[in-house]
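A.B. asks: Numbering (the working numbering), first residue to last: 290 to 1137. We put the CB at the ideal spot given by N, CA and C, even for glycine. My structure is below; once you've seen it, I'll send some questions.
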RNA sequence: GCCCAAGUGGCGGAAUGGUAGACGCAGGGGAUUCAAAAUCCCCCGCCGCAAGGCGUGCCGGUUCGAGUCCGGCCUUGGGUACCA
């Protein structure tokens, strides 16, 4: 072989690794264990560049840990339940199960050529009955432990298709298929009691030192701990059973600025009033239109309905405030009722202006400010605030102090209590869909909701279902619903809701430690392998998936399936950026966007010449069709080129926009490395000891820098360093023996990124065994020292010249040399410098 | 709307508060070749003949020194609880 041909070498080395079994993870107590995991993929059918990037990063870590003597667990599986399989079934008439398993087979076949160091013996899919049956067992244990319960919650309801829609299926408030205006409808659903753990989930964030600070911050804000006052306004002449309106506020210090009380359209009082008030009923119905997302609710136009009722201010019972029903108040937050303070809140100000309500300042920025303030006033963070109508004393206080003082004052006067609340809501897991894990309960007329018996698990999905009409096929199935009550044996009905797919992905990382156990976990295996030492995935999962997984690890501990030590499941987290791509769209006759694959677009036009609109780069997603297929790259250049390219072009935590241009360059570089290695292997040229030493010095520097890069997710910097070292090696005048040693080291350093090429080089250069398991090279600091260094010399912080000095030269010697330079002498004009700063090994700054 | 990030040459990007632009791509010039491919060498932020000046989204601040730290904006991206 006379040139680099990955097609020939890559398959051979994958076979060699396979036969040596080096990626099989056994429980070897002699070695430190290391569990590296990338977020498992959804089996869409094709791997894309995001997968290649994600799994290559994890593979670099896994291979590096293997070479540093760790017992490595690096598994792979499939997050296989979810809507796309049902959508495919609806679109083309197949079955979600066939579609999913075919996609898994396809993707596995596309993934294997990447040469990932995965222990494939642990592979599973979440739609395997062996997996979801254990998930059902976990659910039953959680039910028994009081971690699951039922309550009403709203869903997006499509009134034409008569079906529940996911948020993604709601476009501008309308159903994506029917185009009908979506309504919010209440259903009884299952919930995980995650909010009971809010405080613990919040506090434990502080222990996650190796998580990105931004993820911890996002989770902290999501949990949203707040301190406030809960109290009631007395209601004048309310309907029977309603004599007060309970409110929660984080700004009790603004209580004297209240000008109205608002309640949610779903508040019990609103629901009572609408029975006798057709206009209110119409208003409430209007409010219930549109999707359920927080974004939609927050951005909707703020509207209110005056109920005509009034409440009494708790500190002045003669002071009456009107009661409005308002569309921006959510029943899920606090008590579903608020008081509005237009003087100190933009939203309340807008509302008060619209409905001509009074604007009453509760405090002023200073004593001489205009008391007839009619614009929202937000107090500065640092200046004290003066109460106009003080209730806690006529004192100057800052915001947080004012709030605490007001709470204390209110408690002393019998107006409510100080309360800690969390924004975090319980996790609704019920889905009115087929392709998910069935919720293992039975509804019995006599016994109510009854958990299935564990010996009846798994409750399997029926195969004979159709998707020709909208709605959940489990509901329509002729017999599947029929089941005996596990308690009394009478004829009863199975629950037809399935679980949110986030449940599937909240414990798969534990299942990998014993994927074939006949209980949810194997305690010994979990104890050995957990926690995940390094978890890697997209930042889009920063909140939901990661928070749910943290909750589940605790729940699994509580139900006895996991040691306490593993209740924070991911020791270290790395959130990689996404692979983005431009979006190409045209419009259909109704003006709706139609998306096109990059491979179908040439020079901004479709094959038939229709120009496409180019939407700026965004996250690759199937729905937007801005997806690039990496298989073409692998076929043309080999897996090592694809791996090298996705690592080299962008810092791992940042988004990378896919471009085809770099792949060719990566291939050229790997070809060059191969050529250099084969030339060195064939050479027996002598060299000078000076050149040998210089090469050795560069080698140790490269070991140091590349190792540091690999260990700190600086893959792009590590690769830049490898480019530089390759250049040094190519130009070196060192002897063949020294060059062979340097080239073997190069192979080792490249092995995590380009494992096939590295094995080939290692073999050519006389390395022993597989480079994948050869001990990782160690940099010797003594071998990295240069004799002299270059120091920049600044004048007043601007670089003017540089000096060459010995590495260890004393500060005052360096100062003398710097001051003697022409540039400094010219600038000084005979005067003395005000100050000279010498940072050893770094810089000299002369201040004039 | 709210929460969290990011912004540096033509492009991807580098830089423990210490020489801004490493490394790579694209581009320009040269060597080799009958010619090409491949390969190798050199140049390459902007303005300027030069001396020099200006430069890390914008405005201000801290510092001997700021891409980096602080305050305020702008733009783009992610999340927003039923996309995964």
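In whole angstroms, give me the CA-to-CA distance for residue 1091 and residue 952.
C.D. replies: Roughly 39 Å separates the two Cα atoms.
A.B. asks: Entirely within the segment 1085 to 1136 and at least 4 residues each: give me those alpha helix (DSSP H) ranges in chain order.
C.D. replies: Listed in chain order, they are 1100 to 1109, 1111 to 1117.
A.B. asks: In the structure shown, what three-state DSSP assignment does residue 522 receive?
C.D. replies: In the structure shown, residue 522 sits in a strand (DSSP, three-state: E or B).
A.B. asks: Here's the rule I'm using: 16 or more other beta-carbon atoms within 10 Å means buried, otherwise exposed. How should residue 857 be labelled?
C.D. replies: Result: buried.
A.B. asks: Kindly indicate which residue of 634, 312, 776 has the alpha-carbon position closest to the one of residue 737.
C.D. replies: The residue with the shortest Cα to Cα distance from residue 737 is 776.
A.B. asks: Under three-state DSSP, which class holds residue 607?
C.D. replies: Residue 607: strand per DSSP, three-state reduction.
A.B. asks: Looking at C-alpha atoms only, which residue of 462, 993, 1009 is the closest neighbour of residue 576?
C.D. replies: The option with the nearest alpha carbon to residue 576 is 462.
A.B. asks: Examine the Cβ distances between the segment 790 to 800 and the segment 839 to 858 and report whether three or more of them are shorter than 8 Å.
C.D. replies: Yes, since at least three Cβ pairs between the segment 790 to 800 and the segment 839 to 858 fall closer than 8 Å, the two stretches touch.
A.B. asks: Tell me, please, which residues DSSP counts as bridged to residue 1159.
C.D. replies: An answer regarding residue 1159 cannot be provided, because it is not within the stretch 290 to 1137 covered by the chain.
A.B. asks: Going by other Cβ atoms of all chains shown within 10 Å of its Cβ, with 16 needed for buried, is residue 1088 buried or exposed?
C.D. replies: Flag for residue 1088 reads exposed.
A.B. asks: Please go through the segment 308 to 396 and give each complete beta strand (DSSP E) segment of 3 or more residues, from N-terminal end onward.
C.D. replies: DSSP runs (the beta strand (DSSP E)) wholly in the segment 308 to 396: 322 to 327, 360 to 362.
A.B. asks: Compute the distance between the beta-carbons of residue 932 and residue 1073, then report whether it is under 8 Å.
C.D. replies: The answer is no: Cβ separation not under 8 Å.
A.B. asks: Would residue 528 and residue 562 be called neighbours here (beta carbons separated by less than 8 Å)?
C.D. replies: Closer than 8 Å, so yes.
A.B. asks: Since residue 1076 and residue 1095 are thought to touch, with beta carbons under 8 Å apart, how far apart are those beta carbons, to the nearest angstrom?
C.D. replies: Between residue 1095 and residue 1076 the Cβ distance is about 7 Å, and since that is below 8 Å, they are a contact.
A.B. asks: Out of 820, 710, 718, which has the shortest C-alpha to C-alpha gap to residue 789?
C.D. replies: Comparing Cα positions, the closest option is 718.
A.B. asks: When you compare only the Cα positions, how much space is there between residue 405 and residue 304?
C.D. replies: Cα-Cα distance, rounded: 12 Å.
A.B. asks: Output needed for residue 364: all residues of its chain with C-beta closer than 6 Å, excluding positions within five of it in sequence on either side, in chain order.
C.D. replies: Closer than 6 Å at the Cβ level, and outside the excluded window around residue 364, lie 408, 411, 801.
A.B. asks: Alpha carbon to alpha carbon, how far is residue 438 from residue 805? Give it in angstroms, no decimals.
C.D. replies: So the two alpha carbons sit approximately 29 Å from each other.
A.B. asks: Exposed or buried, what is residue 468 when buried is set at 16 or more other beta-carbons lying within 10 Å of its beta-carbon?
C.D. replies: Per the 10 Å Cβ criterion, exposed.
A.B. asks: So, at 6 Å on beta carbons, what are the nonlocal neighbours of residue 465 in its own chain, with the 5 sequence-adjacent residues on each side left out?
C.D. replies: 458.
A.B. asks: Excluding the 5 residues flanking residue 724 on each side, which residues of the same chain have their C-beta closer than 7 Å to its C-beta?
C.D. replies: Taken in chain order, the residues that qualify are 370, 371, 374, 375, 385.
A.B. asks: Just the C-alpha distance for residue 320 and residue 354, rounded to the nearest angstrom, thanks.
C.D. replies: Near 11 Å, if we compare the C-alpha coordinates of residue 354 and residue 320.
A.B. asks: Given a threshold of 16 other Cβ atoms within 10 Å of its Cβ, counted over all protein chains shown, does residue 680 qualify as buried or as exposed?
C.D. replies: With a pLDDT of 48 at residue 680, under the threshold of 50, the modelled position of that residue is not reliable, and the figure given next carries that caveat. Buried.
A.B. asks: What are the start and end residues of the beta strand (DSSP E) that includes residue 602?
C.D. replies: Segment 593 to 602, the beta strand (DSSP E) holding residue 602.
A.B. asks: What are the partner residues of residue 800, as DSSP defines its beta bridges?
C.D. replies: Answer by DSSP bridge pairing: none, since residue 800 is not bridged.
A.B. asks: With DSSP run on the structure shown, which of helix, strand or coil describes residue 556?
C.D. replies: Three-state result, residue 556: coil.
A.B. asks: Applying the 10 Å Cβ sphere with the 16-neighbour rule, what's the burial state of residue 497?
C.D. replies: So residue 497 ends up on the buried side.
A.B. asks: Within 10 Å of its beta-carbon, does residue 1001 have 16 or more other beta-carbons around it, so buried, or fewer, so exposed?
C.D. replies: Exposed, by the Cβ-count rule.
A.B. asks: On the criterion of 16 or more Cβ atoms from any shown chain inside 10 Å, does residue 479 qualify as buried, or is it exposed?
C.D. replies: With 16 or more other Cβ atoms within 10 Å, it is buried.
A.B. asks: With three or more C-beta pairs closer than 8 Å as the rule, is the segment 688 to 708 touching the segment 739 to 750?
C.D. replies: No, the segment 739 to 750 does not touch the segment 688 to 708.
A.B. asks: Is residue 937 helix, strand or coil when you go by DSSP?
C.D. replies: Helix.
A.B. asks: Can you name, in chain order, every residue of its own chain whose Cβ lies under 8 Å from the Cβ of residue 1015, other than the five neighbours on each side?
C.D. replies: Cβ neighbours of residue 1015 beyond the five flanking positions: 958, 961, 962, 965, 1035.
A.B. asks: So, using beta-carbon positions, are residue 973 and residue 896 closer together than 8 Å?
C.D. replies: In this structure, residue 896 does not lie closer than 8 Å to residue 973 by Cβ.
A.B. asks: Taking only runs that begin and end inside the segment 802 to 839, name each unbroken alpha helix (DSSP H) of 4 or more residues, in chain order.
C.D. replies: List check, alpha helix (DSSP H) in window: 812 to 818.
A.B. asks: Quick test of your reading: residue 866 and residue 941, contact by CB under 8 Å. State the CB separation rounded to the nearest angstrom.
C.D. replies: Correct: roughly 7 Å between the Cβ atoms.
A.B. asks: Could you check what DSSP says for residue 657 in three-state terms: helix, strand or coil?
C.D. replies: With a pLDDT of 36 at residue 657, under the threshold of 50, the predicted position of this residue should be treated as unreliable, though the coordinate-derived value follows. Of the three classes helix, strand and coil, the one that applies to residue 657 here is coil, per DSSP.
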